[in-house]
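Structure, rendered in C-alpha cells:
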C-alpha cells in the first residue's frame with residue numbers, strides 16, 4: 001500500500017528535538033463560492049537527524065505513529081533554502097562582528113592620534129614650566145640649550161617678566177562669553193529696529209535693502225517674507241545695519 005506523500009515548507013524548527021513543523025498547501029473546492037481555494041495545514045514531522053532548517057522545502061511521508069500528533073517523517077529535502085539562509089545569517093553575524101571590530105580599532109587609533117597631536121601641540125604648560133625653572137634656578141644650573149629654549153619661549157609668548165602680567169592663553173570660556181555678549185547685543189538691536197522699520201515711514205529704505213540683499217522685487221513679496229528677509233539682514237550684518245539705520249536706533253533710544 002502506497003504511503004501518503006506531501007511536499008511542504010518547514011515553518012518551525014528547533015523547538016522540539018527531532019521534530020519540525022511543516023506547512024502543506026492543498027486545493028479544496030469551496031461550494032459557497034464554487035471555486036477551488038488553497039488551504040494550509042501544519043504537520044508535526046519527525047526529523048531523525050535534526051538536519052531540516054526553517055525555510056527548507058521537504059517531502060514528508062506517512063509513518064507509524066510516533067506520538068499523538070506525529071504521523072509523518074521527512075523523506076527528502078527537496079530544496080535546502082533554510083540551510084542556506086541559516087548559513088547566510090551566520091555569515092552576516094560574523095561580518096557585522098568583523099565590521100564592528102574594525103570600527104573599534106579605527107576609533108582607538110583615531111583617538112590615539114588625536115591624543116598624540118594634542119600632546120605635541122599643547123606645549124604651553126611645558127613651555128611655561130621651563131621658563132619658571134629658568135627663573136627659580138641658580139645661575140649656571142641650566143644648560144646652554146635650555147637657556148636658548150627659554151629665550152625662544154619668552155619671545156614666542158612675549159614674556160617680559162615673571163610671573164607674566166597678562167593672560168598667556170585666552171581661555172575658551174572667555175571667548176564664549178564674548179561671543180554670547182555680542183550675540184545678545186545683536187538680538188537687542190534687531191528686535192526694536194525691525195519693528196520700527198516695518199512701518200510705512202521707512203518703506204522705501206526697506207525696499208532698497210530688500211533689492212540689494214535679497215535680489216528680489218519688494219512689490220512681489222508679502223509683508224511677513226519682507227520681515228524675515230530684513231531680520232536676516234540685520235542679524236548677518238549687524239555692524240553695517242547699525243551704521244545704516246543709526247537714526248532709527250537713536251529715535252528708539254530717545255523713547
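Numbering (the UniProt record's numbering), first residue to last: 1 to 255. Glycine included, each C-beta is placed from N, C-alpha and C at the ideal position. The structure displayed is predicted, hence computed values, not measured ones.
Could you give the distance in angstroms between the alpha-carbon of residue 188 and the alpha-carbon of residue 208?
-> On the chain shown, residue 188 is found 188 positions in, with the first residue counted as 1. On the chain shown, residue 208 is found 208 positions in, with the first residue counted as 1. In a straight line, the C-alpha of residue 188 is about 23 Å away from that of residue 208.
Proximity of residue 231 and residue 194 at Cβ, strictly below 7 Å = Looking up residue 231 in the chain shown gives position 231. Looking up residue 194 in the chain shown gives position 194. Result yes, Cβ atoms of residue 231 and residue 194 sit closer than 7 Å.
Helix or strand or just coil, what does DSSP make of residue 3?
-> Counted from its first residue, the chain shown places residue 3 at position 3. DSSP places residue 3 in coil when its eight states are reduced to three.
Just how far apart, CA to CA, sit residue 10 and residue 33?
-> Position 10 of the chain shown holds residue 10. Position 33 of the chain shown holds residue 33. Looking at the two C-alpha atoms, the distance is approximately 30 Å.
Residue 158, DSSP secondary structure in three states = Position 158 of the chain shown, counted from the start, is the residue given in the question as residue 158. Looking at residue 158 - three-state DSSP - the assignment turns out to be coil, as it is neither helix nor strand.
Report back the beta-carbon spacing between residue 59 and residue 76 to the nearest angstrom; my notes put them in contact at under 8 Å.
-> The count along the chain shown starts at 1 and reaches residue 59 at position 59. The count along the chain shown starts at 1 and reaches residue 76 at position 76. With a Cβ gap of about 4 Å, residue 59 and residue 76 count as contacting.
Does the separation of the CB atoms of residue 40 and residue 13 fall below 7 Å?
-> Position 40 of the chain shown, counted from the first residue, corresponds to residue 40. Position 13 of the chain shown, counted from the first residue, corresponds to residue 13. Result no, Cβ atoms of residue 40 and residue 13 do not sit closer than 7 Å.
Between the Cα of residue 128 and the Cα atoms of 112, 151, 117 and 241, which residue gives the shortest distance?
-> Reading the chain shown from its first residue, position 128 is the one you call residue 128. Among 112, 151, 117 and 241, the Cα nearest to that of residue 128 belongs to 151.
Helix, strand or coil: how does DSSP classify residue 177 here?
-> Indexing the chain shown from 1 puts residue 177 at position 177. Residue 177 falls in the helix class under three-state DSSP.
How would you call residue 37, buried or exposed, if buried means at least 16 neighbouring beta carbons within 10 angstroms?
-> Counting from one through the chain shown, the residue named residue 37 turns up at place 37. Counting Cβ neighbours within 10 Å, residue 37 comes out exposed, since fewer than 16 surround it.
Tell whether a beta-carbon distance below 7 Å holds between residue 4 and residue 68.
-> In the chain shown, residue 4 corresponds to position 4, counting from 1. In the chain shown, residue 68 corresponds to position 68, counting from 1. Taking 7 Å as the Cβ cut-off, residue 4 and residue 68 do not qualify as a contacting pair.
Assigned secondary structure, residue 19 (DSSP; H/G/I helix, E/B strand, else coil) | If you number the chain shown from 1, residue 19 lands on position 19. Residue 19: strand per DSSP, three-state reduction.
Kindly list the residues whose CB is nearer than 7 Å to the CB of residue 18, restricted to its own chain and excluding five residues on each side of it in sequence; keep chain order.
-> What you label residue 18 is simply residue 18 of the chain shown in a count that begins at 1. For residue 18, where only same-chain residues beyond five positions count, the Cβ hits under 7 Å are 46, 47, 48 and 50.
What does a CB cutoff of less than 6 Å around residue 213 pick up in its chain, not counting 5 residues either side in sequence?
-> By 1-based counting over the chain shown, the position of residue 213 is 213. Cβ neighbours of residue 213 beyond the five flanking positions: 233.
Coarse secondary structure for residue 244, derived from DSSP in three states = On the chain shown, position 244 is the one that residue 244 refers to. The answer is helix: DSSP assigns residue 244 an H, G or I state.
State the CB to CB distance for the pair residue 42 and residue 21, rounded to an integer number of angstroms; the pair is presumed to be in contact (CB under 8 Å).
-> Counting from one through the chain shown, the residue named residue 42 turns up at place 42. Counting from one through the chain shown, the residue named residue 21 turns up at place 21. Correct: roughly 5 Å between the Cβ atoms.
In the DSSP assignment, what residue or residues form a beta bridge with residue 59?
-> Indexing the chain shown from 1 puts residue 59 at position 59. Answer is 7 and 76, bridged to residue 59.
Own chain partners of residue 236 with C-beta closer than 6 Å, once the 5 adjacent residues on each side are dropped | Working through the chain shown from its first residue, we reach residue 236 at position 236. Taken in chain order, the list of residues that qualify is empty.
Run of the beta strand (DSSP E) containing residue 44, from where it starts to where it stops | Locating residue 44 in the chain shown gives position 44, counting from the first residue. Per DSSP, residue 44 belongs to the beta strand (DSSP E) from 35 to 46.
Go to residue 233, then tell me how far its alpha helix (DSSP H) extends in each direction, as first and last residue.
-> Residue mapping note: residue 233 aligns to position 233 of the chain shown, counting from 1. Run containing residue 233: 223 to 236, per the alpha helix (DSSP H) assignment.
Going straight from the alpha carbon of residue 126 to that of residue 110, what length do you get?
-> Along the chain shown, read from residue 1 onward, the residue named residue 126 stands at position 126. Along the chain shown, read from residue 1 onward, the residue named residue 110 stands at position 110. One C-alpha to the other measures close to 24 Å.
Leaving aside the five residues before and after residue 114 along the sequence, list all residues of the same chain whose C-beta is less than 7 Å from its C-beta, in chain order.
-> Translated into positions along the chain shown, residue 114 becomes position 114. If we look at residue 114 and ignore the five residues flanking it on each side, it has no Cβ neighbours.
Close beta carbons around residue 80, own chain, < 7 Å, minus the five adjacent residues each side | One-based indexing of the chain shown puts residue 80 at position 80. Correct list, in chain order: 56.
Could you check which residue in 27, 101, 186 and 217 has the C-alpha nearest to that of residue 238?
-> On the chain shown, residue 238 is found 238 positions in, with the first residue counted as 1. When each option's Cα is compared against that of residue 238, the closest is 186.
Under the rule that 16 or more other beta-carbon atoms within 10 Å means buried, what is residue 241, buried or exposed?
-> In the chain shown, the residue the question calls residue 241 occupies position 241. Around the beta-carbon of residue 241, 16 or more other beta-carbon atoms lie within 10 Å, marking it buried.
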